[in-house]
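In this note's numbering, the protein residues as written are 14 to 251. Think of the CB as a built atom: it goes at the ideal place given N, C-alpha and C, for glycine as much as any other residue. Source: prediction; values computed, not measured. Some notes on the structure that comes next.
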Amino acid sequence: MKKSIIRLDNVKKTYFIGDIEVPAVRGISLEVKKGEFMALVGPSGCGKSTLMNLVGALDIPTEGRIFLEDKDIAQMSESTLANVRGKKIGFIFQQFNLISTLDALGNVVLPMIFQGYNEAKRTARAERLLKMVGLGERMHHKPNELSGGQQQRVAIARALANNPDMILADEPTGNLDSKSGRQIMDLLGHLHLKEGKTIVMVTHDLHLVHYAHRVIHLKDGLVLKERIISKDHHHGER
Numbered sequence: 014m015k016k017s018i019i020r021l022d023n024v025k026k027t028y029f030i031g032d033i034e035v036p037a038v039r040g041i042s043l044e045v046k047k048g049e050f051m052a053l054v055g056p057s058g059c060g061k062s063t064l065m066n067l068v069g070a071l072d073i074p075t076e077g078r079i080f081l082e083d084k085d086i087a088q089m090s091e092s093t094l095a096n097v098r099g100k101k102i103g104f105i106f107q108q109f110n111l112i113s114t115l116d117a118l119g120n121v122v123l124p125m126i127f128q129g130y131n132e133a134k135r136t137a138r139a140e141r142l143l144k145m146v147g148l149g150e151r152m153h154h155k156p157n158e159l160s161g162g163q164q165q166r167v168a169i170a171r172a173l174a175n176n177p178d179m180i181l182a183d184e185p186t187g188n189l190d191s192k193s194g195r196q197i198m199d200l201l202g203h204l205h206l207k208e209g210k211t212i213v214m215v216t217h218d219l220h221l222v223h224y225a226h227r228v229i230h231l232k233d234g235l236v237l238k239e240r241i242i243s244k245d246h247h248h249g250e251r
């Protein structure tokens, strides 16, 4: 049995806009196992991003419980939770979220500073990660000197900085042309297959689904259906 990294137990998340209740997630139970590639798909407004924030322990549920490696996140202090998130989970966003004043190397080094790596170790690891994502020649370029696809590669290297168990990718190709998008998805596929990373991806793009092994379809804050994609034809559909 592969162990569970994160488990949601009948989780609900309701937002309040003034006096109006807006249920974003309406009772979802879900388990992310170590080493799987899961896609969360569904139309805009179905609760994907809210669910992603809950899976990433960036948000606390209104009802229900979330267990990160069998520990209830509601019982953790904010500083413990931030520390666990920093070590266990790497985030990739549609907007890249790079710091514009830092070069690629500086952006990748940053998360390691918070985890207390010494300078030589941080720099060596950041250089190695940037080479791995194909940016060995562009380490000292700032985000505005890089293409969208290159910026997303920097973001992936940054997500890997603390060697997390799980990578959460929220619409990782949303701002990219189709060629760059394919390259980013191939890179995520490589991280999953060769580096053994657990990946949870939110997307509305059904073309990306075949990279995943398990697909969760969401609608109106609930799981509509779930399917497993067989491995036999797994990287054939390009």
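Whole-Å CB distance - residue i paired with residue j, under 8 Å assumed
i      : j      : result
Val167 : Asn120 : 6 Å
Lys26  : Thr75  : 5 Å
Leu64  : Ile41  : 7 Å
Val122 : Ala95  : Actually they do not touch by this definition, with Cβ atoms about 18 Å apart.
Ile102 : Gly69  : 6 Å
Gln164 : Phe109 : 4 Å
Leu201 : Ala182 : 6 Å
Ala37  : Gly234 : 6 Å
Leu231 : Lys61  : 6 Å
CB contact below 8 Å: residue i versus chain B
i     : result
Asp83 : Reference to chain B is not applicable here, since this structure consists of a single protein chain.
Exposed unless 16 or more other CB atoms sit within 10 angstroms - verdict on residue i
i      : result
Asp72  : buried
Glu132 : exposed
Ile19  : buried
His153 : exposed
His205 : buried
Leu219 : exposed
Val236 : buried
Ile79  : buried
Lys144 : exposed
Val35  : exposed
Asn66  : buried
Gly194 : buried
Secondary structure of residue i, DSSP reduced to three states
i      : result
Pro124 : helix
Asn23  : strand
Ser90  : coil
Met51  : strand
Ala168 : helix
Ser113 : coil
Leu43  : strand
Val68  : helix
Arg251 : Confidence in Arg251 is poor, its pLDDT being 35 and thus under 50, which makes the residue's placement too unreliable to answer from.
Spatially closest choice to residue i from the options, by CA coordinates
i      : options                           : result
Met179 : Gly162, Gln165, Met198 and Lys210 : Lys210
Lys46  : Phe109, Leu115, Pro36 and His226  : His226
His203 : Gln108, Lys192 and Ile169         : Ile169
Gly187 : Leu201, Val215 and Lys207         : Val215
Glu44  : Val38, Cys59, Ser62 and Leu81     : Leu81
Glu208 : Phe50, Tyr28 and Ala87            : Phe50
Ala137 : Phe127, Gly129 and Leu118         : Leu118
Phe127 : Asp116, Gly147, Thr93 and Glu239  : Thr93
Within 8 Å, strictly: CB atoms of residue i and residue j
i      : j      : result
Ser113 : Asn157 : yes
Leu115 : Gly161 : no
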